[in-house]
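Per my numbering, the very first residue in the sequence shown carries number 6; after that it's consecutive.
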Amino acid sequence: MEDEEIIALYWQRSEDAIYETNAKYGRLCRSIAYNVLVSREDCEECVNDAYFAVWNAIPEQRPARFAAFLGRITRNLALKRYEYLTAEKRNPAASVSLSELADCVSGREGPEDAAEARRVEAAISRFLSALEEHKRVVFLRRYWYFDSIQSISDKTGFSCSKVKSMLHQTRRRLREYLESEGIDV
């Protein structure tokens, strides 16, 4: 079923919308949630919460790219759940991925930083758009989907050392790009 048809089912408030969403994007959502949570039970709960969030969001919005919309909701819910579940302990994969980016992007939060956050998001989007596709894929697999180096290597066919090197170079270039845009890192 096409995304427009699935969105129409949400607008009609048909429960088939959730069934069709799961049929088409369930594997993607589970992959995103599992890479953050590393627990099948938590992953399933997060995916169900994502479907509920989409159910509540769709009448207000009509997303242009449904897969990205759903993926972002799933990822944000998984990160919130991860934060809740791990006050003392940490998921090494997610922690390592996020700590690798610490030199490029600060973790400031607060209402006064909302405009700056949008500016940083736009700059990162421009940077990623300018990257060669294979470098962009590796970068997103690591920092959006939280894939391990080995997993990225398996999916792309690059050696683990090549993946690490690409990530290191891309982070360095991102930092330089953000600084050239006048963004403090």
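Positions of the beta carbon are idealized from the N, C-alpha and C atoms, including for glycine.
Exposure of residue i, with buried meaning 16 or more beta-carbon neighbours within 10 Å
i	result
F151	buried
R70	exposed
Y30	buried
R146	buried
G76	buried
N40	buried
Residue range of the alpha helix (DSSP H) that includes residue i
i	result
D159	I154 to T161
R67	Counting along the chain, R67 falls outside any alpha helix (DSSP H), and DSSP gives it neither H nor E.
R18	It is not in any alpha helix (DSSP H) - R18 carries neither H nor E in the DSSP assignment.
Close-in-space but distant-in-sequence residues of the same chain around residue i (CB under 7 Å, 5 per side omitted)
i	result
K140	M171 and T175
I154	C165, V168 and K169
E184	V190
Cβ-based neighbour list, residue i, same chain, cut-off 8 Å, excluding 5 preceding and 5 following
i	result
E25	M6, E10, I11 and L14
V142	T161
L42	C48, C51, A83, R86, Y87, L90 and N96
D21	L14
Residues near residue i by beta carbon distance below 6 Å, same chain, minus five either side
i	result
C51	A38, L82, A83 and R86
P68	F74
F144	T175
DSSP state of residue i mapped onto helix, strand, coil
i	result
G187	coil
L136	coil
F144	helix
E121	helix
W149	coil
E9	helix
S164	coil
T91	coil
I78	helix
I129	helix
At 4 residues or longer, and completely inside the segment 18 to 56: list those alpha helix (DSSP H) runs for me, N to C. Here the runs fully enclosed are 21 to 42.
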